[in-house]
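Participant: Let me begin by handing over the structure; questions about it come next.
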Amino acid sequence: MNNTPLDNYNKLIESGKLQDDSAQLTVVKSLQEIYLEFIPYYTNKQKTFFFKSFKKITLPKGLYIHGDVGRGKSMLMDVFFDSLDIKKKRRVHFNAFMNEMHSRIFEWRKNKKISGGNKREDDPIPVIAKLVAEECSILCFDEFQVEDIADAMIIGRLFENLFELNVLVIATSNIHPDNLYKDGLNRSLFLPFIDVLKNYMNTHYLTADKDYRLDRVRERPVYYNPIIPKNRKDFEKSWTEVKGSSEEYPISIQLKGRQIDVLRSVGRCVRFNFSELCQKPLGVIDYLAIADKFDIIFISDIPLLDEKKRNETKRFINLIDTLYEARSLIFILAEKSPSELLQEGKDLKIFRRTISRLEEMQSAEYLNKSFN
């Protein structure tokens with residue numbers, strides 16, 4: 011028999027992997043209660059009719075854990091998930107799950123050879139929900155958020171079906187349920203889902219005095235050069251420490267008439283390579299949108315700049331200016347130090363400001379403001 015969530019959490023503290031944290035302990039105790047109610051329910055559900063208990067055993071409410079990045083939400087959910095000695099469980103990033111649901115709906119419609127309809131037999135949502143319920147008795151979602159109108163338009167019916175099929179849901183998020191899909195297109199159609207969520211899940215705000223993920227990288231460099239295996243390995247380690255156990259996922263930042271595709275993000279953390287930011291026709295408005303969306307930005311593979319890369323150089327100057335003004339925390343893997351990145355060309359004079367800012371962004375004063 012597996013240890014309970016509380017047992018496993020205490021073991022992590024005893025081993026020194028975690029620190030005592032009263033706010034985290036409160037969440038663990040809530041997860042412990044869910045665990046102690048869910049296991050008898052699940053065990054009874056798996057029995058054949060003649061061996062089932064005739065005493066009514068009900069499914070507990072799920073839990074929606076929200077709070078700022080780095081507070082330990084995903085880690086606590088993992089403690090709960092790892093305590094479950096059952097087959098029909100799944101932990102998945104919410105965006106990945108919704109992409110999967112859209113793919114299933116597409117395949118269902120393709121197989122049915124229909125384009126849509128109002129008849130229930132032409133509605134894929136109940137069918138897909140039933141398939142998910144047959145696969146999973148419990149779903150644990152990391153980074154629960156709704157930003158895409160396609161998700162917003164199906165999520166209510168999908169989850170209402172899942173809840174009615176007695177699927178237990180645990181979720182982590184940076185967003186309070188009331189603020190999900192805030193300012194989204196046709197949000198009025200989405201709002202009933204919030205009531206459904208609150209009906210089937212308790213909400214808990216996880217407070218904390220520190221960002222544990224940033225605490226792990228506080229003593230690490232934020233600028234790595236040159237691009238050699240050791241520095242790349244250290245850069246990757248910083249990324250791993252910052253994102254913690256959360257899964258990376260792609261998102262799109264919507265601007266007027268277009269969008270910025272982001273391939274690797276985790277909450278308020280994002281990762282790009284130089285070509286994604288400076289070889290594409292991006293401008294200050296794009297960099298402002300990125301700085302507004304993310305607090306921690308990793309940029310890899312910055313090459314030596316020269317006159318042949320003048321467009322890339324100008325974009326890089328604008329990028330650093332924007333991130334500096336936004337007080338973003340940046341981690342960089344570059345071919346040269348800031349003062350050596352550009353050694354000649356028409357932009358050398360203006361690039362001196364970029365050098366100064368890159369150096370300041372490594373200073374203790376700047377980092378303390380960014381970390382806090």
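Residue numbers for the sequence shown follow the working numbering, so the first one is 11 and each next one is one higher.
We put the CB at the ideal spot given by N, CA and C, even for glycine.
From a predicted model like this one, the values you see are computed outputs, not experimental measurements.
Can you name the start and end residues of the alpha helix (DSSP H) that R119 belongs to?
Facilitator: Counting along the chain, the alpha helix (DSSP H) containing R119 begins and ends at F104 to K122.
Participant: Given that a residue counts as buried once 16 or more other Cβ atoms are within 10 Å of its Cβ, and exposed if not, what is R101?
Facilitator: buried
Participant: Contact between the region 74-83 and the region 204-213: three or more CB pairs below 8 Å?
Facilitator: yes
Participant: In the DSSP assignment, find the alpha helix (DSSP H) that holds L298 and state where it starts and stops.
Facilitator: V294 to K303
Participant: Just to confirm before moving on: does the CB-CB distance between R197 and A162 stay below 9 Å?
Facilitator: yes
Participant: In terms of residues, what are the limits of the beta strand (DSSP E) holding V232?
Facilitator: Looking at the DSSP string, V232 is not in any beta strand (DSSP E), and its letter there is neither H nor E.
Participant: Where F60 and I67 are concerned, what is the direct C-alpha to C-alpha distance, given to the nearest angstrom?
Facilitator: In this prediction, F60 scores a pLDDT of 45, lower than 50, which makes its location untrustworthy; the coordinate-derived value is nonetheless stated afterwards. Each residue's Cα considered, the two are about 16 Å apart.
Participant: Work out the CA separation of Y234 and C288 for me, nearest whole Å.
Facilitator: C-alpha separation (whole angstroms): 19 Å.
Participant: Taking its Cβ as the centre, do 16 or more other Cβ atoms sit within 10 Å of T332, making it buried, or is it exposed?
Facilitator: Answer is buried; the Cβ neighbour count reaches 16.
Participant: Among E24, A139 and K253, whose alpha-carbon lies nearest the alpha-carbon of F169?
Facilitator: A139
Participant: Quick check: F154 and S113, are their CB atoms within less than 9 Å of each other?
Facilitator: no
Participant: Can you say whether S63 is buried or exposed, counting buried as having 16 or more other CB atoms within 10 angstroms of its CB?
Facilitator: For S63, the predicted structure reports a pLDDT of 49, less than 50, and the residue's modelled location is therefore unreliable. A value from the coordinates is still provided. S63 comes out exposed.
Participant: Should E322 go down as buried or exposed, given a rule of 16 or more other Cβ atoms within 10 Å for buried?
Facilitator: buried
Participant: Spell out the partners DSSP gives A143 in its beta bridges.
Facilitator: Bridge partners of A143: none, in fact.
Participant: Using a Cβ-Cβ cutoff of less than 7 Å, which residues in the same chain neighbour S349 once the five nearest sequence positions on both sides are dropped?
Facilitator: Its chain contains I365 as the residues whose beta carbon lies nearer than 7 Å to that of S349, once the 5 sequence neighbours on both sides are disregarded; these appear in chain order.
Participant: Can you tell me which of L199, C150, V156 and S262 puts its alpha carbon nearest to the alpha carbon of V177?
Facilitator: C150
Participant: Take I327 as the anchor and find which of F308, R362, K303 and I307 has the nearest alpha-carbon.
Facilitator: R362
Participant: Just how far apart, CA to CA, sit P202 and M211?
Facilitator: 14 Å
Participant: Based on the DSSP output, what are the partners of M211 in its beta bridges?
Facilitator: G72
Participant: Which value, in whole angstroms, describes the spacing of the CA atoms of I238 and L298?
Facilitator: 31 Å
Participant: Output the boundary residues of the beta strand (DSSP E) element that contains Y259.
Facilitator: Y259 to L265
Participant: Residues in its own chain within less than 7 Å of M85 by CB, not counting five upstream and five downstream?
Facilitator: G254 and S255
Participant: Put F151 into one of helix, strand or coil per three-state DSSP.
Facilitator: Shown here, F151 sits in a strand according to DSSP, grouped into three states.
Participant: Take A301 and list the residues in its own chain whose beta-carbon comes closer than 7 Å to its own, dropping the five residues that flank it on each side.
Facilitator: Once the five neighbours on either side are set aside, the close Cβ partners of A301 are T332, L333, A336 and S338.
Participant: Counting only the same chain and skipping the five closest in sequence on each side, list residues whose C-beta sits under 6 Å from that of I307.
Facilitator: V280, S338 and I340
Participant: Since N171 contacts I135 with CB under 8 Å, what's their CB separation in whole angstroms?
Facilitator: 6 Å
Participant: If contacts are defined as beta-carbon pairs under 8 Å, then W118 and V137 qualify, I think. What distance do you get, rounded to the angstrom?
Facilitator: 6 Å
Participant: The beta strand (DSSP E) with F200 in it runs from where to where?
Facilitator: First-last for F200: undefined, no H or E at that position.
Participant: If you compare alpha carbons, which of Y51, F200 and D78 is closest to F304?
Facilitator: It is D78.
Participant: Between L28, S285, P15 and H103, which has its C-alpha nearest I261's C-alpha?
Facilitator: H103
Participant: Buried or exposed: V294, going by 16 or more other Cβ atoms within 10 Å of its Cβ?
Facilitator: exposed
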